Amino acid sequence: MPIFRLEGDDITNAELIPAKETDLELESHLENWLENSPRQTLAQEDFLWIGRQTSVTDEENTMYSDLLGVDFQGNLVIVELKKGRTPREVVAQLLDYAAWAEQLSESEIREIAENYFRTRGEFEGKAFDEVFRAVFDMPETDEFPPLNRTLRLFIVAEEIPERVTRVCRFLRASQGIDVTCIVVSIFQTELGEIVVSTETIVGDEQFAVPNKSRRKSFSSPRPPSDEPVEQIVWEAVQEFTDGDLNVTFSPIDIERTVENKHPDFLLSRVRHLIRGSCVNFSKRRKYPIGEDRYWWVSRGKYRLYDPEKDKIKENDDVNQAESVTENPA
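Going by our numbering, the residue at position 323 of the sequence shown is 308; the numbering climbs one at a time, nothing skipped.
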């Protein structure tokens, strides 16, 4: 996918100038970038990385998964990165990792994570559960999700041939395996800025692909909504709060509201969309994705944003954001 910049002072008559693709060593750099920026590059949702180059040993050899993580539901996330054109064998390699990961117990996952956290300054010395709740903004009162109920697989590469995407679509549609293919391109502007473009070519559905058990059902699934996912979440918040600026809500409240009307909606997107439109959420400074709609109250609690009362001081962290009225408990 080409990237352009506008050249010219008059925007109405500006010229599109293509940025040049770079010859950076994609695989080594991309692994670092993904590790440092888990919130935007993959699937438009938050991940917590718990391993990098985690060794997997079978009866024949030792393999290394590029990145291993969890999502907010406790599902394991496995990412395989490839430079250049992805070989067909990458699917078999990814499934090898998946077969290993599927057998991991909750205690083994916690052990892998806490060993990895020793290499990450911000999480060093912290327990997995503590980091999980902080990253996913989960209150202590919320029940901790079971780990490793399902696997999510990602192939990330400069070029993914049709034979690979065809197999991945088959795995999604016919076998109920959550596999996603993402193409990454790197460009460099004349000023030396590096621009990274990502395109999801398999697995970009906003609504869940029916799994094997649901596919065998005689009842027809409800068709996906034509509404943008951001609008679906916004309408769910409006319904739950009845438009009252003082009513607090949690992501779980909105997930349940969405699910009532859209049972096939990918609920993993809800938290990301709320945080992306939350005016005073610290990570939004780096990853703004939505309109100014919500206000962070406390861990896992939000309310509707009131532009007349809710103020953020320059360089404030999320916990220092102020409101003219006292935040509801």
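We treat Cβ as the ideally placed atom computed from N, Cα and C, and that holds for glycine. Remember, it's a predicted structure, so these values are computed and weren't measured experimentally.
Checklist line | Rounded separation between Gly69 and Glu143 - CA only | finding: 5 angstroms
Note to self: Does Tyr290 pass the burial test, meaning 16 or more other C-beta atoms within 10 Å, or should it be called exposed?
What the structure shows: buried
Next item on the list: Check whether the Cβ atoms of Tyr279 and Ser253 sit closer than 8 angstroms, and answer yes or no.
Entry: no
Note to self: So, with DSSP's three-state summary, where would you put Arg278?
What the structure shows: coil
Check: How is Ala112 classed by DSSP in three states: helix, strand or coil?
Finding: coil
Margin query: Quick check on DSSP: helix, strand or coil for Thr71?
Written below: coil
Notebook entry, point to check: Helix, strand or coil for Tyr290 per DSSP?
Noted result: coil
Check: Hey, how far is the Cα of Gly177 from the Cα of Trp18?
Finding: 18 angstroms
Next item on the list: Just list the alpha helix (DSSP H) runs in the region 127 to 188, keeping only unbroken ones of 4 residues or longer that don't cross its boundaries, in chain order.
Entry: 147 to 160
Checklist line | CB-CB length for Trp340 against Gly54, believed under 8 angstroms | finding: Limits of the chain in this structure are -14 at one end and 314 at the other, which puts residue 340 out of reach.
Margin query: If I measure Cβ to Cβ from Phe250 and keep anything under 7 angstroms in the same chain, skipping five residues before and after, which residues do I get?
Written below: Phe192, Ile217, Val243 and Glu244
Next item on the list: Using the Cα positions of Ser202 and Glu184, report the straight-line distance between them to the nearest angstrom.
Entry: Interpretation of Ser202 is limited by its pLDDT of 36, a score under 50 that renders its predicted location unreliable; the figure taken from the coordinates is listed afterwards. When rounded, the distance between both Cα atoms is 33 angstroms.
Check: Who are Thr47's beta bridge partners in DSSP?
Finding: Thr42
Item checked: Limits of the alpha helix (DSSP H) - the one that Asn100 falls within -> Glu91 to Phe102
Check: In three-state terms, what does DSSP make of Arg284?
Finding: coil
Check: Tell me, which residues are paired with Ile63 by DSSP?
Finding: Leu53 and Leu138
Next item on the list: For Arg331, I'd like the list of residues in its chain whose CB is within less than 8 angstroms of its CB, leaving aside the five on either flank, ordered along the chain.
Entry: Residue 331 is absent from the model: the chain starts at -14 and stops at 314.
Check: Below 8 angstroms between beta carbons: does that hold for Val62 and Ile140?
Finding: no
Checklist line | Per-residue DSSP class, three states only, for Arg260 | finding: helix
Check: Quick one: is Thr165 buried, meaning 16 or more other Cβ sit within 10 Å of its Cβ, or exposed?
Finding: buried
Checklist line | First and last residue of the uninterrupted alpha helix (DSSP H) at Glu215 | finding: Val214 to Thr226
Next item on the list: Label Tyr49 either buried or exposed according to how many other C-beta atoms from any shown protein chain fall within 10 Å of its C-beta, with 16 as the threshold for buried.
Entry: exposed
Check: For Arg73, which residues from the same chain have a beta carbon less than 8 angstroms from its beta carbon, with the 5 sequence-adjacent residues on both sides left out?
Finding: Pro146, Arg148, Val149 and Val152
Check: Is DSSP giving Leu251 helix, strand or coil here?
Finding: coil
Item checked: C-alpha gap between Arg241 and Leu66, whole angstroms -> 35 angstroms
Check: Would you report the Cα separation of Ala119 and Asp31, rounded to the nearest angstrom?
Finding: 12 angstroms
Notebook entry, point to check: In whole angstroms, what is the alpha-carbon distance linking Ile2 and Gln29?
Noted result: 28 angstroms
Check: With a CB to CB cut of under 6 angstroms and the five nearest residues on each side skipped, what residues in its chain are close to Arg199?
Finding: Its pLDDT being 42, under 50, Arg199 is placed unreliably in this model, and the coordinates cannot settle the point.
Next item on the list: Leaving out five residues on either side along the sequence, give the residues of the same chain with a beta carbon under 7 angstroms from the beta carbon of Thr39.
Entry: Tyr49, Ser50, Leu53 and Ile97
Margin query: Tell me the rounded alpha-carbon separation between Ser90 and Asp238.
Written below: 29 angstroms
Item checked: Sequence-distant residues of the same chain with beta carbon closer than 8 angstroms to Ile(-12), five excluded per side -> Pro3, Ala4, Ser170, Phe172, Val180 and Ser182
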